[in-house]
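Heads up: the sequence shown begins at 62 in the numbering used here, then just goes up one per residue.
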Amino acid sequence: MKNLSAPVFIRNARLVLHNQVLSGSLSTSHGRISSVDTGNSGTTGEDWESDYLIPGLVEIHTDNLEKHLMPRPKVNWPVLPAIIAHDAQVIAAGITTVLDALSVGDIDPDSLRNQSLQPCAQGLASAAAAGLLRAEHLLHLRLELAEPDLPGLLAPFMLDERLALVSLMDHTPGQRQWSDIDHYRTYVTGKRGWSHEKVDQMLAVLAERQQRHVAENRRLAVAMCGRDGRNLPLASHDDTTPEHVLEGVADGVCISEFPTTIAAARAAREHGLAVVMGAPNCVRGGSHSGNVSAAELAREGLLDMFSSDYVPASLLQAAFMLQQYGYSLPEAIATVSATPAAAIALDDRGQIATGLRADFLRVRVHDGIPVVLGVWRSGQRVY
């Protein structure tokens with residue numbers, strides 16, 4: 062990022078603030094928001110013609126990089142070009158802060174995820190240092206607890222300043238996300254190209270791995286994340302029962318990612334966990350795994366944050382859709398900006414307010430769809 066001292070002046074915008082929407086103007090200085098004013102009297106600057114001015118989106122969990130690393134099954138793409146393409150897609154979606162969700166382990170022993178973990182982490186650091194990335198990229202490590210070498214794979218990241226979130230995952234079929242084995246079978250035969258015979262073989266292998274490794278790996282991972290005063294934010298993943306939530310609470314989890322039932326979401330709320338749902342779930346009208354819909358949780362007031370998961374552009378669209386379920390526009394925008402920023406202790410962004418980092422978007426709604434027309438990060442236009 063360069064030239065942070067160049068000021069920006071914007072007028073005639075609909076400013077989406079933390080509790081209201083106002084027609085007004087905004088200016089920046091040295092990469093920060095220097096003024097937010099009602100009306101446009103005496104203001105010079107770019108006329109936004111009443112388009113929305115909203116905070117830059119904060120994405121805490123996206124697997125989008127993986128799609129660029131393997132654009133088709135068994136087709137591996139070079140790491141740096143994949144990262145550049147991923148960054149371009151993220152920034153075009155209005156995401157100015159992104160936690161790239163890198164998998165540490167996999168339930169598929171033949172997966173290439175472990176081989177790509179370090180190259181991706183190093184590639185992201187190299188690209189950022191070279192000024193090639195337009196969004197700010199932080200790390201979210203997705204710990205597959207059944208991975209035999211999980212502690213060894215996790216250890217090198219414990220001193221990485223980019224590490225902002227760790228999630229505890231167990232994708233063993235027969236529980237959590239894959240409580241319905243038929244849904245699991247359909248998914249892996251379609252996405253991974255497994256035969257039904259391989260599915261049957263893997264069910265036994267994965268159950269054995271779960272029994273051997275999950276409990277101990279969970280204990281070790283939680284201890285590592287709290288060591289030396291680091292106290293990394295922890296997320297549980299695919300909570301299905303209130304007991305799953307209680308297990309997370311005992312481990313110090315503060316975020317419940319993608320609860321699969323309304324009972325789990327209610328339990329998470331009762332215990333002070335922030336509830337994250339997939340934006341694609343909202344846009345599509347349901348879960349691809351057959352679990353609870355984001356819309357149902359929204360209607361019950363149990364949805365705190367969205368993650369774009371595997372479709373970056375879904376994040377903004379899902380937020381605007383929340384207005385159908387009783388959320389005001391400021392409340393809806395907070396699910397993709399202020400609330401995720403606060404959940405991972407990024408207190409310098411996520412709102413349109415004086416003194417905060419000048420991360421913001423120009424958005425116009427066309428036929429009910431929010432369209433990103435411009436993106437500013439730290440006061441510099443990046444899209």
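For every residue, glycine included, the Cβ atom is placed at its ideal position computed from N, Cα and C.
Since the structure is predicted, the reported quantities are computational estimates derived from the model, not experimental observations.
Straight-line gap, residue i to residue j (C-alpha atoms, nearest Å)
i      : j      : result
ASN292 : ALA154 : 31 Å
TYR444 : SER228 : 31 Å
ASN73  : ASN101 : 6 Å
THR105 : ASP408 : 30 Å
LEU211 : ALA284 : 13 Å
VAL344 : GLU392 : 18 Å
ALA329 : VAL353 : 14 Å
LEU226 : LEU118 : 17 Å
ALA326 : ARG93  : 36 Å
LEU206 : LEU295 : 14 Å
SER4   : SER111 : Within the shown structure, residues of the chain are numbered from 62 to 444, placing residue 4 beyond reach of any answer.
TRP138 : VAL82  : 43 Å
ALA276 : VAL314 : 16 Å
ILE144 : LEU76  : 32 Å
SER84  : VAL306 : 42 Å
SER88  : GLU107 : 10 Å
THR301 : GLN385 : 26 Å
GLN176 : ALA355 : 33 Å
GLU258 : VAL266 : 13 Å
LEU126 : PHE70  : 34 Å
LEU16  : VAL140 : Past the boundaries of the shown model lies residue 16; the chain is included only from 62 to 444, so the question cannot be answered.
Identified DSSP bridge partners for residue i
i      : result
ASP116 : In the sequence under discussion, the amino acid at residue 116 is Pro, which differs from the Asp named in the question. PHE421, per the DSSP bridge assignment.
MET230 : GLU205
MET338 : PHE367
TRP437 : PHE421, ARG442
ILE71  : LEU87, GLU107
LEU160 : LEU199
ASP98  : SER86
SER354 : Partner(s): none; SER354 has no beta bridge.
THR123 : ASP161, ASP370
ILE430 : HIS427
HIS274 : Paired residue(s): none; HIS274 is not in a bridge.
ALA296 : SER228, ILE316
Pick from the options that is closest to residue i, judged by C-alpha positions
i      : options                        : result
MET230 : ALA188, CYS181, ARG223, SER297 : SER297
ALA379 : GLY347, LEU76, ARG438          : GLY347
SER164 : ASP148, HIS147, ALA149, ALA182 : ALA182
LEU334 : ASN342, ALA340, PRO320         : PRO320
ALA404 : HIS122, SER177, GLU107         : HIS122
LEU390 : ASP312, ALA419, VAL426         : VAL426
GLU197 : LEU206, VAL266, LEU185         : LEU185
TYR371 : PRO68, LEU160, GLY287          : LEU160
GLU208 : GLY339, SER368, ASN278, PRO373 : ASN278
ASP428 : MET382, ARG133, LEU83          : MET382
TYR388 : ALA406, ALA374, MET366, LYS128 : MET366
LEU193 : PRO116, LYS128, SER90, ASP148  : ASP148
ALA311 : ARG280, GLN385, ASN80, GLU258  : ARG280
MET338 : GLY440, GLY309, ASP299         : ASP299
ALA399 : ASN80, LEU87, ASN175, GLN176   : ASN80
LEU199 : GLN176, VAL151, HIS232         : VAL151
ALA282 : THR396, GLY166, ASN342, ARG174 : GLY166
CYS286 : GLU308, LEU78, ALA216          : ALA216
GLN179 : THR396, THR158, PHE218, LEU78  : PHE218
Classification of residue i by the beta-carbon crowding that lies within 10 angstroms, buried from 16 upward
i      : result
LEU204 : buried
SER96  : exposed
GLU331 : exposed
THR99  : exposed
PRO134 : exposed
PRO116 : buried
HIS274 : buried
ASP220 : Just to set this straight, residue 220 is Leu in the shown sequence, not Asp. That one is exposed.
SER187 : exposed
ARG288 : exposed
Whole-angstrom C-beta distance between residue j and residue i, which should lie under 8 Å
i      : j      : result
LEU364 : ILE323 : Wrong, their Cβ atoms sit about 11 Å apart, outside the cutoff.
PRO303 : LEU377 : In fact, because the Cβ distance is near 32 Å, the residues do not count as touching under 8 Å.
ARG410 : LEU114 : Actually they are not in contact, since the Cβ atoms of ARG410 and LEU114 sit about 15 Å apart, beyond 8 Å.
ASP420 : ARG438 : 5 Å
SER375 : ALA340 : 4 Å
beta-carbon residue i near the ligand PLP non-hydrogen atom, thresh 7 Å
i      : result
ILE430 : Annotation note on the ligand PLP: not contained in the displayed structure, which lists no ligands.
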